[in-house]
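Protein chains in written order, with our numbering: chain A, 4 to 233; chain B, 4 to 233.
Glycine included, each C-beta is placed from N, C-alpha and C at the ideal position.
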DNA sequence: ACCTGAACACCGTTCAAGT
DNA sequence: ACCTGAACACCGTTCAAGT
């Protein structure tokens with residue numbers, strides 16, 4: 004009981020890591036909108052301006068968040084498996100990591116090329132795509148789509164609501180579903196029939212599997228040297 | 004010269020349409036961040052609170068923007084073409100509309116099911132997918148991915164910078180490209196080789212074609228009753 | 001019906017100053 | 001090196017009041 008304690012936790016020195024961790028936790032519990040410089044400072048028991056010694060501005064803090072999340076990605080060893088398998092393994096790993104941090108997945112989307120762990124993931128993804136016969140240009144674009152697909156899968160999952168208690172979540176889903184079901188069945192029969200699926204993804208594994216399959220099959224379909232008649 | 008004039012244009016009464024149009028224009032010229040209640044009011048020569056008579060809050064204004072943009076989508080007549088063709092036509096139309104409004108495309112992504120024109124597009128898309136043999140659940144998910152893919156194609160186009168003069172844009176691209184090219188060629192050879200493609204999509208038609216193909220081929224690949232061995 | 005005035009509770013950020 | 005105090009220029013939104 005030496006010195007003074009702050010709030011519930013032992014007061015430690017401010018550091019980039021601590022700020023980033025705090026931001027990730029806060030985003031996870033209350034949503035990314037709750038992550039403000041001032042709120043972060045308050046939770047750390049410090050002045051808002053204290054953060055500016057560690058980060059040039061909020062955008063750099065976001066860079067730090069993305070880097071930290073991407074550092075959770077563990078790349079598999081190089082393999083001789085067919086490229087679709089390798090691609091699936093890479094994307095599944097990224098998917099698993101982002102699923103643990105849906106609130107900040109959108110930050111990652113635009114920041115992969117800005118950090119060491121992101122670059123390693125990108126390099127490996129490009130490797131798989133190049134081995135499938137794509138050019139540097141095509142591989143760049145496809146790797147971007149891959150990232151984009153995984154992030155969308157995580158952030159747009161129907162019924163997902165970060166930083167909302169289960170009761171409010173249920174209510175939100177119920178309301179949205181009701182409004183879809185209230186549509187004219189003559190004009191929007193298919194939309195009404197899909198109301199459940201639009202508001203809550205009933206089966207998570209199937210949802211993510213279809214998303215992954217969709218992308219990988221898409222890559223297969225545009226692969227150079229394929230019979231592409233339609 | 005009766006009454007008084009404001010700024011450069013003739014002062015007219017405030018209306019939902021005028022506010023939405025103003026917001027879309029502003030987003031296009033200065034970016035979505037520039038679209039604030041206060042700025043909109045200022046441009047219209049009115050108090051910020053005036054807008055609250057027309058829209059409950061900023062989110063409803065965003066709903067209005069999305070609806071207006073989606074109303075530009077002109078649906079093709081029903082056809083007997085094979086479903087991939089029909090899907091391509093629908094997505095190309097949406098793509099063309101969003102390409103004209105990249106700054107607000109992200110707003111559209113989460114609001115298709117909230118307006119008449121969006122619902123009509125969704126219904127048609129679901130129709131095509133259902134005709135391809137997908138269930139209501141699968142079709143809902145795939146239509147979501149379709150939307151998401153088109154929006155991403157428009158908003159993530161490398162080298163696109165909404166609300167930035169060409170000079171600043173060039174400089175921005177140059178800088179980002181240089182930083183990629185400065186990476187270690189031993190550790191990131193493929194990333195360095197793709198630096199150009201990551202920073203500027205050299206060939207727009209090819210970029211959008213590949214994006215569309217990727218999605219449509221993906222749907223083809225996950226279509227029920229296909230030989231799906233990998 | 002349509003708009004204003006004043007106020008509230010927030011933001012990110014700068015800059016000079018403290019230890 | 002690391003943090004604070006005070007201030008600036010913004011936000012969205014509410015509420016009572018005006019015409």
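Straight-line Cα distance separating residue j from residue i
i                     : j                     : result
residue 53 (chain A)  : residue 91 (chain A)  : 43 Å
residue 3 (chain B)   : residue 165 (chain A) : No information on residue 3 (chain B) is available, as it lies outside the stretch 4 to 233 that chain B covers here.
residue 37 (chain A)  : residue 228 (chain A) : 49 Å
residue 20 (chain B)  : residue 160 (chain B) : 29 Å
residue 65 (chain B)  : residue 83 (chain B)  : 36 Å
residue 47 (chain A)  : residue 68 (chain A)  : 17 Å
residue 85 (chain B)  : residue 220 (chain B) : 13 Å
residue 184 (chain A) : residue 119 (chain B) : 14 Å
residue 34 (chain A)  : residue 57 (chain B)  : 29 Å
residue 130 (chain A) : residue 187 (chain B) : 16 Å
residue 9 (chain B)   : residue 209 (chain B) : Caution is warranted here: a pLDDT of 34 is assigned to residue 9 (chain B), below 50, making its placement in the model unreliable, and the coordinate value is therefore given only provisionally. In a straight line, the C-alpha of residue 9 (chain B) is about 46 Å away from that of residue 209 (chain B).
residue 98 (chain B)  : residue 79 (chain B)  : 14 Å
residue 23 (chain A)  : residue 96 (chain A)  : 22 Å
residue 152 (chain A) : residue 113 (chain A) : 13 Å
residue 63 (chain B)  : residue 203 (chain A) : 23 Å
residue 235 (chain A) : residue 206 (chain B) : Given that chain A is displayed from residue 4 to residue 233, the structure contains no residue 235 (chain A) and the question cannot be resolved.
residue 104 (chain B) : residue 15 (chain B)  : 25 Å
residue 182 (chain B) : residue 162 (chain A) : 39 Å
As assigned by DSSP and simplified to three states, the class of residue i
i                     : result
residue 159 (chain A) : coil
residue 109 (chain B) : helix
residue 135 (chain B) : coil
residue 164 (chain B) : coil
residue 148 (chain B) : helix
residue 191 (chain B) : coil
residue 44 (chain A)  : helix
residue 170 (chain B) : helix
residue 31 (chain B)  : helix
residue 61 (chain B)  : helix
residue 225 (chain B) : helix
residue 115 (chain A) : helix
residue 175 (chain A) : helix
residue 86 (chain A)  : helix
residue 205 (chain A) : coil
residue 66 (chain A)  : helix
Chain A contact for residue i (CB, 8 Å cutoff)
i                     : result
residue 142 (chain B) : yes
residue 225 (chain B) : yes
residue 214 (chain B) : yes
residue 151 (chain B) : yes
residue 180 (chain B) : no
residue 186 (chain B) : yes
residue 126 (chain B) : yes
residue 163 (chain B) : no
residue 210 (chain B) : yes
residue 221 (chain B) : yes
residue 116 (chain B) : yes
residue 175 (chain B) : no
residue 228 (chain B) : no
residue 155 (chain B) : yes
residue 133 (chain B) : yes
Short Cβ contact (8 Å threshold) for residue i with residue j
i                     : j                     : result
residue 149 (chain A) : residue 31 (chain A)  : no
residue 101 (chain B) : residue 157 (chain B) : yes
residue 109 (chain A) : residue 154 (chain A) : yes
residue 178 (chain A) : residue 225 (chain B) : no
residue 135 (chain B) : residue 194 (chain A) : no
residue 133 (chain B) : residue 142 (chain B) : yes
residue 73 (chain A)  : residue 121 (chain A) : yes
residue 40 (chain A)  : residue 61 (chain A)  : yes
residue 201 (chain B) : residue 116 (chain A) : yes
residue 198 (chain A) : residue 180 (chain A) : yes
residue 213 (chain A) : residue 144 (chain B) : yes
residue 223 (chain A) : residue 51 (chain A)  : no
Within-8 Å CB hit, residue i to chain B
i                     : result
residue 217 (chain A) : yes
residue 129 (chain A) : yes
residue 159 (chain A) : yes
residue 171 (chain A) : no
residue 136 (chain A) : no
residue 139 (chain A) : yes
residue 34 (chain A)  : no
Proximity test, residue i beta-carbon vs the ligand HEM heavy atom, cut-off 7 Å
i                     : result
residue 142 (chain A) : This structure simply doesn't include the ligand HEM, nor any ligand for that matter.
Listed in chain order, which residues of the region 85-110 of chain B have Cβ atoms closer than 8 Å to some Cβ of chain A? 85, 87 and 88
When Cβ atoms are compared, which residues of the region 190-204 of chain A fall closer than 7 Å to chain B? 191, 193, 194, 196, 197, 200 and 201
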